[in-house]
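Let me begin by presenting the structure, written as structure tokens, before commenting on it.
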Amino acid sequence: MAKHRVMMTKKKENLFLGFNEMAGEYKWNVLKTTVFGLLSVLLPS
1 MAKHRVMMTK KKENLFLGFN EMAGEYKWNV LKTTVFGLLS VLLPS
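Take 1 as the starting number for the sequence shown in full-length UniProt numbering and just add one per residue.
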């Protein structure tokens with residue numbers, strides 16, 4: 001029974017870590033897009 005509980009906790013931790021990674025990547029993509037957008041506006045090609 002205790003073993004099963006540990007497995008469940010591990011599963012939850014993995015889900016949380018995966019979600020954090022996804023959120024971090026999403027934020028990074030938004031940041032990059034914003035920076036490139038601003039640069040293209042400020043520096044006419």
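Note that the Cβ used here is the ideal one computed from N, Cα and C, for glycine as well.
Span separating the alpha-carbon of residue i from that of residue j
i     : j     : result
Glu25 : Leu31 : 10 Å
Leu15 : Pro44 : 44 Å
Asn29 : Ser40 : 16 Å
Phe36 : Leu42 : 10 Å
Lys10 : Thr33 : 35 Å
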